[in-house]
Amino acid sequence: MTAPTAQAAQSPQTVRAAHRRRIARLAAPMAAAQLLAIMVPIVIVAILGWMGDEAIRVRSLYFPLAFLFFGVQVAFDVTNQTITALRTGRGERDVGATTMSVAVVWLGTGLALGIGLSLAAPALADVLGADAQGKDLFVRFLRWMSLANLTLAWPVLCASALRGAGRAGPAALIMLVGSAVEVAGLAVLGFGCGLDIAALPLATALNGLTAGAFGMVVLARTGLLREWGWRPEVLGYLLRTGVPVSLTNIVMFGMNFAFVLMLKPFGPDVIAGFATATTVQNLVIMPAVVLGSAAAILMNQSLGASGREQVAAVLGAALRTTLAVYAVIVPVLWLLRGVIGHLTAENERIAGETARYIAIVGPSFVVLGLVLTALMALEQTGGARLALAASAVYVAGSVGIGALAGRGAGGPVPLYVTIGAMNTAGVLAVLAAVAFVRAQDRRRRTSREEPARGAAPPSPVRPD
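All residue numbers for the sequence shown refer to the UniProt record's numbering, where the first residue is 1 and numbers rise by one.
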């Protein structure tokens, strides 16, 4: 009896429970890695704060540009993970050629981006408002960071290959090693060697080189490095999956930047409280992002097995798990909003603003969690364009309606109400994602039933 046949013979409740267990096994180590990804930048900013105001100012100027590097990283990370999951489903354990091919394209893209930013660095310093004293330092910092970010391709692709192969634990360990090296390197080089802000590019490069070498050892020991060479299909997957995912992240950054501009008339305390609240929000949405990505890996592995698997049940299991998680997280967050505000800021006005944002927007995090789980899964399983369109509508609605609602207002409450309302309206995106996946399942089921009606055997259906 084949695996699909055996699964079909099981009761729906048994199948759903099996999907939930598989998602949980993948999601737990992925959540640890995601938490590191959120916490390490906070630790780095804290270390830079001890180096002096100049270091913080340069890092603040660099912050918007860091999203460009992150956007490139996400595109190739997701592309490699998607291809590896599909190949794993087909029983192909060799990821060397895929990972190397993705790395070559990443390095080419990264070099082009780095050269462009390096040439434009003086002009960017002026646009971002660098003073005469800090301009030269910012230009040098940006150019060195452009080079240092290239080294991150190595550990990121090793980790994404392991996740795609269903080995999320070793993947998280790679990111842990890299994060520890970067933080320790920044502290030692910055304080011990007196390099100050110049230590950050070196620490980033140490992260990439050390974690990358460790990642190669892990891949080799798990038997996943068996084939080398160029795989041209990575370009197609990059355009269909990686680029839309990257654009989604950039669109979201633009939305947050617009929110800050809208809040500017209300003073720095409101902006600081909003920034703190959105940092808390990033921690809160992490489980949804991880569950969606874990579901995508399992869906792609199933699709790779035959090209005709029915994967809506996996998405359904992920959404039910997300709902259960946020049914606990959101009430606790809402009840502790005042405590959270005072834990994150000594200033009473900033703490109060953080609590107010959570009070108004917090209840909508239940739906937001479902939206993120659905869109993360959709982005990696052939629905990246639909996910990008949904994100664009959400951003346009939040920014457009928020601007209209806040016009002439004496405070940020109308904007917060708009954000909460748009989060809640995101249930439409969840329904659209489920409908899309079910339609894809029906298409695969129809193609599988063609031979029974006397048609020629169909070629495998591409999941994307």
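Ideal Cβ positions, reconstructed from N, Cα and C, are used throughout, including at glycine.
Quiz item: Among D77, V434 and R320, which one has its Cα closest to the Cα of P244?
Solution: Locating residue 244 in the sequence shown gives position 244, where the first residue counts as 1. The residue with the shortest Cα to Cα distance from P244 is D77.
Self-check item: Rounded straight-line distance, which links the Cα of R140 to that of S146
Solution: Within the sequence shown, residue 146 is the residue found at index 146, counting from 1. Within the sequence shown, residue 140 is the residue found at index 140, counting from 1. Approximately 10 Å between the Cα atoms of the pair.
Self-check item: Test item: CB-CB of A288 and G383 under 7 Å
Solution: As a working mapping, residue 288 is identified with position 288 in the sequence shown. As a working mapping, residue 383 is identified with position 383 in the sequence shown. No.
Quiz prompt | Segment contact, 8 Å Cβ cut-off, at least three pairs: the segment 146–164 with the segment 100–112 | solution = yes
Practice problem: Measure the alpha-carbon distance for T279 versus T210 and round it to whole angstroms. | Solution: Locating residue 279 in the sequence shown gives position 279, where the first residue counts as 1. Locating residue 210 in the sequence shown gives position 210, where the first residue counts as 1. The alpha-carbon atoms of T279 and T210 are separated by roughly 29 Å.
Quiz prompt | P331 burial status per 10 Å Cβ neighbour count (16 or more: buried) | solution = By one-based count along the sequence shown, residue 331 stands at place 331. That one is exposed.
Practice problem: Using the Cα positions of P4 and R25, report the straight-line distance between them to the nearest angstrom. | Solution: Counting from 1 along the sequence shown, the entry for residue 4 is found at position 4. Counting from 1 along the sequence shown, the entry for residue 25 is found at position 25. Model confidence at P4 stands at a pLDDT of 47, short of 50, so the residue's coordinates are unreliable; what they give is reported in the following sentence. One C-alpha to the other measures close to 21 Å.
Practice problem: Following the continuous alpha helix (DSSP H) through L111, name the residue where it begins and the one where it ends. | Solution: Your numbering for residue 111 matches position 111 in the sequence shown. Per DSSP, the unbroken alpha helix (DSSP H) holding L111 starts and ends at G96 to V127.
Self-check item: Residue interval of the alpha helix (DSSP H) (run including G144)
Solution: Taking the first residue of the sequence shown as position 1, residue 144 is located at position 144. In the sequence as presented, Gly is not what sits at residue 144; that position holds Trp. Residues A132 to A148.
Exercise. Enumerate in chain order the residues of its own chain whose CB-to-CB distance from V367 is below 7 Å, with the five nearest sequence positions on each side excluded.
Key: Start at 1 with the first residue of the sequence shown, and residue 367 comes out as number 367. Counting only Cβ-Cβ distances below 7 Å, and skipping sequence neighbours, we find N423, T424, G426 and V427.
Exercise. Closer than 7 Å by C-beta to R143: which residues in its own chain qualify, once you throw out the five before and the five after it? Chain order, please.
Key: Counting from one through the sequence shown, the residue named residue 143 turns up at place 143. The beta carbon of R143 lies closer than 7 Å to those of S118 and A121 in the same chain, with the five residues before and after it left out.
Self-check item: Selection from A327, A377, M376 and A345 that minimises the alpha carbon distance to S364
Solution: Within the sequence shown, the letter at position 364 stands for residue 364. Checked all of A327, A377, M376 and A345; the closest Cα to S364 is A327.
Practice problem: State the DSSP-derived secondary structure class of R20, mapped to helix, strand or coil. | Solution: What you label residue 20 is simply residue 20 of the sequence shown in a count that begins at 1. If DSSP states are grouped into helix, strand and coil, R20 belongs with the helices.
Self-check item: Meets three-Cβ-pair contact criterion under 8 Å: the segment 213–227 and the segment 172–186
Solution: These segments touch.
Quiz item: Does the segment 235–253 come close enough to the segment 43–61 that 3 or more CB-CB pairs lie under 8 Å?
Solution: no
Self-check item: Start-end ranges of the alpha helix (DSSP H) lying completely within the segment 358–391, minimum 4 residues
Solution: 365–379
Practice problem: Quick one: grab the DSSP three-state call for V311. | Solution: Against the sequence shown, residue 311 aligns to sequence position 311. Three-state DSSP puts V311 in coil, outside helix and strand.
Practice problem: Assign P170 to one of three DSSP states: helix, strand, or coil. | Solution: Translated into positions along the sequence shown, residue 170 becomes position 170. Note: P170 maps to helix in three-state DSSP.
Quiz item: Run through DSSP, which three-state label would N249 get?
Solution: On the sequence shown, position 249 is the one that residue 249 refers to. In the structure shown, N249 sits in a helix (DSSP, three-state: H, G or I).
Quiz item: Got a sec, what are the start and stop residues for the alpha helix (DSSP H) N80 sits in?
Solution: In the sequence shown, the residue the question calls residue 80 occupies position 80. Where N80 is concerned, the enclosing alpha helix (DSSP H) stretches over D53 to G89.
Practice problem: Throw me the rounded Cβ distance for the V284 and M299 pair, which I believe falls under 8 Å. | Solution: On the sequence shown, residue 284 is found 284 positions in, with the first residue counted as 1. On the sequence shown, residue 299 is found 299 positions in, with the first residue counted as 1. Their Cβ separation, rounded to whole angstroms, is 25 Å, which puts V284 and M299 out of contact at 8 Å.
Quiz item: What residues in its chain sit with their C-beta under 6 Å from that of V311, if we drop five residues either side in the sequence?
Solution: Translated into positions along the sequence shown, residue 311 becomes position 311. M299 and S302, listed in sequence order.
Exercise. Could you give the DSSP three-state label for L224: helix, strand or coil?
Key: Within the sequence shown, residue 224 is the residue found at index 224, counting from 1. Coil, per DSSP.
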